[in-house]
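K.L.:
In the numbering used here, the protein residues as written are 57 to 347.
Backbone N, C-alpha and C fix where the C-beta goes; we use that ideal spot for every residue, glycine too.
Computed from a prediction, not measured in an experiment: that's the story for all the values here.
1) How many angstroms separate the CA atom of residue 185 from the CA atom of residue 296?
2) I'd like the list of long-range same chain contacts for residue 327, defined as Cβ closer than 6 Å, with 5 residues on each side in sequence excluded.
3) Tell me the DSSP bridge mates of residue 67?
4) Tell me residue 301's beta-bridge partners as DSSP assigns them.
5) Between 299, 90 and 164, which lies nearest to residue 200 when the distance is taken from Cα to Cα?
6) Taking all protein chains shown into account, do 16 or more other C-beta atoms lie within 10 angstroms of the C-beta of residue 139, making it buried, or fewer, making it exposed?
7) Return the Cβ separation of residue 137 and residue 189 in integer angstroms, given the expectation that the two are a contact with Cβ distance under 8 Å.
8) Which word fits residue 63, buried or exposed, when buried means at least 16 other C-beta atoms lie within 10 angstroms of its C-beta?
9) Using only the alpha-carbon positions, how far apart do residue 322 and residue 343 sit?
10) Less than 7 Å between C-beta atoms, sequence neighbours within five positions excluded: which residues of the same chain meet that for residue 288?
11) What is the residue span of the beta strand (DSSP E) that residue 265 lies within?
12) Taking one C-beta from the stretch 329-337 and one from the stretch 226-238 each time, how about it: are there three or more such pairs within less than 8 Å?
13) How close, in whole Å, do the beta carbons of residue 106 and residue 75 come, if the pair is a contact with beta carbons under 8 Å?
14) In whole angstroms, what is the alpha-carbon distance linking residue 118 and residue 95?
15) With DSSP run on the structure shown, which of helix, strand or coil describes residue 144?
16) Within the stretch 181-250, note down every full beta strand (DSSP E) run reaching 3 residues or more, in order along the chain.
17) Could you tell me how far apart the beta carbons of residue 173 and residue 154 are, in whole angstroms, since I believe they sit closer than 8 Å?
18) In the structure shown, what three-state DSSP assignment does residue 135 receive?
19) Residue 311 lies in the alpha helix (DSSP H); which residues open and close that run?
20) Measuring only the C-alpha atoms, how far is residue 68 from residue 304?
21) Secondary structure at residue 77, three-state DSSP: helix, strand or coil?
22) Do you know offhand how far residue 133's Cα is from residue 271's?
23) Tell me whether the beta-carbon of residue 84 lies closer than 7 Å to the beta-carbon of residue 78.
24) Comparing the C-beta of residue 138 with each C-beta of chain D, is any distance below 7 Å?
25) Since residue 128 is in the beta strand (DSSP E), which residue starts that stretch and which ends it?
26) Hey, how far is the Cα of residue 212 from the Cα of residue 151?
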């Protein structure tokens with residue numbers, strides 16, 4: 057099992073860390089109270105955001121919840137502190153700034169985490185799950201991943217990424233209540249460039265070609281079509297071009313993800329596609345994303 061960091065959410069004993077830190081464990085050992093080791097239950101874990109909620113018995117424990125900030129208010133250049141246990145060095149604090157916003161990370165289950173905060177504060181193995189704090193001591197992110205210099209390198213190169221605390225605020229209540237997070241599912245894979253659109257004669261200057269449609273998905277039931285493929289596997293004509301979901305224009309996989317994330321199974325969205333140069337509109341009811 058990995059080692060990492062976490063922080064206290066409330067005096068009821070709930071804590072937050074990274075999902076990849078607890079992996080598939082049901083219980084873990086947590087160090088609190090200046091070194092006291094206690095058992096913690098893994099209440100819930102969400103690989104799609106790399107977040108997990110733990111709970112310790114609060115009786116007799118000196119639990120000190122940390123205040124949560126608002127990550128959408130963070131700006132590039134803001135000073136930050138990263139707290140954690142890098143390489144087993146307990147209670148380490150490093151400082152830096154917010155280097156960039158709205159980064160994207162590949163989650164442990166392969167999905168995309170949006171709105172990620174990039175910082176140059178030194179973050180190393182063992183920092184995972186620890187808080188990224190603003191200058192007022194409020195948590196604005198959960199340290200999750202780092203960029204490395206190359207194969208075999210494990211140390212900080214001044215590029216670290218934190219899951220925004222606003223994402224955690226959406227996920228934590230579901231993890232507490234259900235142990236998992238329900239997410240909506242649309243059921244298409246997209247990808248197109250202007251050159252490919254012209255080559256395939258799609259007849260549109262924007263949008264994203266539907267490469268494939270998952271069997272039995274909401275998109276399939278609505279009659280959306282994926283592109284054909286030749287014997288070599290190259291894309292051919294025939295696929296719909298996804299133009300819009302609700303009020304969001306779709307021109308990339310990131311746009312598609314942003315249009316669906318935050319919606320619930322059962323939500324109905326208006327979808328606009330182009331098929332052979334003709335605009336079509338569909339109302340599609342989203343379902344629970346397959347596990």
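P.N.:
The relevant details are as follows:
1) Rounded to the nearest angstrom, the two C-alpha atoms are 41 Å apart.
2) Once the five neighbours on either side are set aside, the close Cβ partners of residue 327 are 301, 338 and 340.
3) In the DSSP output, where bridge partners are listed per residue, residue 67 has none listed.
4) In DSSP, residue 301 forms a bridge with 304 and 327.
5) Of all alpha-carbon atoms in 299, 90 and 164, the one lying nearest the alpha-carbon of residue 200 is that of 164.
6) Looking at its Cβ environment, which holds 16 or more other Cβ atoms inside 10 Å, residue 139 is buried.
7) Right, their Cβ atoms sit about 5 Å apart.
8) Buried, by the Cβ-count rule.
9) Distance from the CA atom of residue 322 to the CA atom of residue 343, rounded to whole angstroms, is 6 Å.
10) Note that residue 288 scores 45 on pLDDT, short of 50, meaning its location in the model is unreliable and no value can be drawn from it.
11) Its beta strand (DSSP E) spans residues 264-269.
12) For the pair of segments examined, the stretch 329-337 was found not to touch the stretch 226-238: the number of CB pairs separated by less than 8 Å stays below three.
13) With a beta-carbon spacing of about 5 Å, residue 106 and residue 75 fall inside the 8 Å limit used to define contacts.
14) Going by the C-alpha atoms only, they are around 15 Å apart.
15) In the three-state reduction of the DSSP assignment, residue 144 falls in the helix class.
16) Entirely contained in the stretch 181-250, the beta strand (DSSP E) runs reaching 3 residues are, in chain order, 187-190, 195-202, 216-220 and 244-246.
17) Yes, residue 173 and residue 154 are in contact; Cβ-Cβ is about 6 Å, under 8 Å.
18) Under the three-state reduction of DSSP output, residue 135 falls in the strand class.
19) Looking at the DSSP string, the run of the alpha helix (DSSP H) that includes residue 311 is 309-316.
20) Distance between the alpha carbons of residue 68 and residue 304 is about 40 Å.
21) Looking at residue 77 - three-state DSSP - the assignment turns out to be helix.
22) Spanning the two alpha carbons is a distance of roughly 46 Å.
23) Contact: yes.
24) Absent from the structure is chain D; it holds one protein chain and no more.
25) Where residue 128 is concerned, there is no enclosing beta strand (DSSP E), given that its DSSP letter is neither H nor E.
26) Using only the alpha carbons, I get a separation of about 13 Å.
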